[in-house]
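Worksheet for the structure shown next.
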Amino acid sequence: MGNEVHLNVEGQDIVLPVVEGTEDEKGLVIAKLRGTTGYITLDPGFVNTGSCQSSICFVDGENGILRYRGYPIEALAEEASFLEVAQLLFDGELPAADSLKSFTEGIMATSAIPEQISGLCAAVSADGHPMAVLASLVTALSTYREGHLDPNDTAQRQEEVRRLLGQFPTLIAAAFRYSKGLAPVAPRPELDYTANFLQMMFADENGHYDLDNEVVQALNKILILHADHEQNCSTSTVRVVGSSEANLYASIVGGICALWGPLHGGANQKVIEMLESIQASGEGCSKFIEKVKDKESGVRLMGFGHRVYKNFDPR
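Using my numbering, the first residue of the sequence shown is number 5, and each one after it goes up by one.
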């Protein structure tokens, strides 16, 4: 194939450049196709279209491979912290200890949210969908960052990415607690990222919560496994909104709303609803699995299977 392919369109020979990815995968560049021939391509669902060149993430669904910046997801989930992986995605390399310490301290230092934003959590319905609440809170949060929202200013953009990473757990925890009739719990920057989130979510009225290391590590793995997955629905939405030079907060809100859909983030919601139903039934997991295996029961096991991974899901 070389570095180009030839396409014959109504007797006209068109040369299309070939690009190679970080894992030797190949693609055809069709940017000039319409201008040259008047033809466009049609790819329903974008199942065969790459919208950008990126070295951040690689997914091979046929062989069950997921890599962040070349690192296998299995190794990262087993050995890394979520903020270590976040810095890997930002910078392209796993950070040295001193760099990770500075990165972590900077994020945790921004974890407090304005008091008015915390009060806004109390103004939304306790029955509101979490994505509706979060989209509202992030939009409101942007109003406190005027003068820091220029998407073309690299320093501003990176600062706000880190700030949002620090404040998301606080926003979520405050909204959750208000929905339960509880007062919010202030962040504790001396804790690590996942432990701080659990503390803010589940501490008692005196601020006490017995951190279970297994739960902390489980949440750490969950965050790592969800950190990136190529150009999925929410990521693509963030990029489309950002392409208009909308600020970071507006772009992230677009991604949150995309995650609201039952065919995207709704898959995770179904898992939580399944687990809650198992707990409420009092029958236990074994009985539930028996029902899943019974094709006449109509009971489905949620969270297993993925349209991208044809072999197995490495996560």
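From the three backbone atoms N, C-alpha and C, an ideal C-beta is built for every residue, glycine too.
All figures in this text were calculated on a predicted structure; none of them were measured in a lab.
Non-local C-beta neighbours of Phe107 in its own chain, meaning closer than 6 Å and more than five positions away in sequence, comprise Gln91, ordered along the chain. Distance from the CA of Asp208 to the CA of Val128, rounded to the nearest whole angstrom, comes to 22 Å. One alpha carbon belongs to Thr143, the other to Lys295, and they sit about 43 Å apart. For Val9, same chain residues with a beta-carbon under 7 Å away, outside a window of 5 residues either side, are Leu20, Val22 and Leu32 in chain order. When DSSP reads this structure, Phe62 sits in a beta bridge with Arg71. Lys299 has its alpha-carbon roughly 46 Å from the corresponding atom of Val189.
The three-state reading of DSSP puts Glu24 in strand, counting E and B together. Remark: C-beta atoms of Asp64 and Glu97 do not approach each other more closely than 9 Å. Pairing Asn200 with Ser115 gives a Cβ-Cβ distance under 9 Å.
Here Leu124 is buried. Its C-beta has 16 or more other C-beta atoms within 10 Å.
With a cutoff of 9 Å on beta-carbon distance, Ala113 and Pro193 are scored as near each other.
Using a Cβ distance threshold of 9 Å, Ala178 and Pro134 do not count as a contacting pair.
Our two residues, Gly211 and Cys56, have alpha carbons roughly 46 Å apart in a direct line. Counting C-beta atoms within 10 angstroms of its own C-beta, Thr241 has 16 or more neighbours from the protein chains shown and is therefore classed as buried. The stretch 65 to 123 contains, as complete alpha helix (DSSP H) runs of 4+ residues, the segments 77 to 83, 86 to 95 and 101 to 112 (chain order). Straight across, the Cα-Cα distance linking Ala79 with Glu88 is about 13 Å. Per DSSP, the beta-bridge partners of Asp17 are Asn12. Residue pairing by DSSP places Lys30 opposite Glu24 in a beta bridge.
In this structure the stretch 245 to 255 does not lie against the stretch 268 to 276, because fewer than three pairs of beta carbons, one per stretch, are closer than 8 Å. Closest option to His230, judged by alpha-carbon separation, among Glu24, Asp154 and Cys61: Cys61. Within its own chain, the residues whose Cβ lies closer than 8 Å to the Cβ of Asn12, once the five positions on either side in sequence are excluded, are Ile18, listed in chain order.
Measuring C-alpha to C-alpha distances from Glu163 to each of Leu215, Glu119, Gly110 and Ser290 identifies Gly110 as the nearest. Per DSSP, Tyr148 lies in no alpha helix (DSSP H) and is assigned neither H nor E. Residue state for Ile282 is assigned as helix, using DSSP reduced to three classes.
Spanning the alpha carbons of Glu287 and Glu277 requires a straight line of approximately 15 Å. The beta-carbon distance between Ile256 and Leu168, rounded to whole angstroms, is 7 Å. This is short enough to meet the 8 Å contact definition. Taking each of Gln283, Met204 and Ala159 in turn and checking the Cα distance to Ala187, the smallest one comes out for Met204. The Cβ-Cβ distance between Leu145 and Ile176 does not fall below 9 Å. Residue ranges of uninterrupted beta strand (DSSP E) with 3 or more members are absent from the stretch 163 to 232; none lies entirely inside it. Residue state for Lys291 is assigned as helix, using DSSP reduced to three classes.
No residue range can be given for Leu305, since it is assigned to no alpha helix (DSSP H) and is classified by DSSP as neither H nor E. Taking Ile34 as the centre and dropping the five residues before and after it, the same chain places the C-beta of Leu20 and Thr45 closer than 8 Å to its C-beta, in chain order.
For Cys289, the CB contacts under 8 Å within the same chain, skipping 5 residues up- and downstream, are Ile282 in chain order. Annotation for Gly39: the continuous alpha helix (DSSP H) segment containing it runs Leu37 to Thr41.
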